[in-house]
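These notes concern the structure reproduced below.
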Amino acid sequence: MEPFARTIDAAQKYVVSSTLERVDWNAELVRGDLGKAVQRLKRESGKGLFVGGVKLPLALTELGLIDEYEFVVHPRLAGHGPTLFAGLSKHVDLKLVSRMELGSGAVAMRYEPRR
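Following my numbering, the numbering of the sequence shown begins with 4 at its first residue and continues without gaps.
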């Protein structure tokens, strides 16, 4: 956990919000046209961007701006909580690129959109 904590703490973060006035924790506030902002960040970063949450991945999928999806399936059934990609306007076909089983029983799968 500590290597992950050090890595996430040091990473540049971008927060998409129309209501926040400021952010901290090594973060930059992203406002305005989401598509243009993300395209700019993708060009500037050179290392790729990771996205979390529920609403932002949905919005970026609708804009066709996600180049790769990584899902980690954990061995626990919750039965509640937000649903990822709920409300997606059209299906997106994916191609499995890699799969890794973790010691915890979780499975990490990486996909690319079929274009």
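Think of the CB as a built atom: it goes at the ideal place given N, C-alpha and C, for glycine as much as any other residue.
With a threshold of 16 other CB atoms inside 10 Å of the CB of V75, please say whether the residue is buried or exposed.
Taking the first residue of the sequence shown as 1, we reach residue 75 at position 72. V75 is exposed by the Cβ-count criterion.
If you follow the beta strand (DSSP E) that R113 is in, where does it begin and where does it stop?
Residue mapping note: residue 113 aligns to position 110 of the sequence shown, counting from 1. Taken as a continuous stretch (DSSP letters only), the beta strand (DSSP E) holding R113 covers V110 to P116.
My output table needs one value for A14: the three-state DSSP class, helix, strand or coil.
Start at 1 with the first residue of the sequence shown, and residue 14 comes out as number 11. DSSP places A14 in coil when its eight states are reduced to three.
With C-beta atoms as the reference, is L37 less than 8 Å away from S20?
Counting from one through the sequence shown, the residue named residue 37 turns up at place 34. Counting from one through the sequence shown, the residue named residue 20 turns up at place 17. Result no, Cβ atoms of L37 and S20 do not sit closer than 8 Å.
Cβ-Cβ distance between E71 and E115 below 8 Å:
Within the sequence shown, residue 71 is the residue found at index 68, counting from 1. Within the sequence shown, residue 115 is the residue found at index 112, counting from 1. Yes, these two residues count as a Cβ contact at 8 Å.
Does the region 93-103 come close enough to the region 43-57 that 3 or more CB-CB pairs lie under 8 Å?
no
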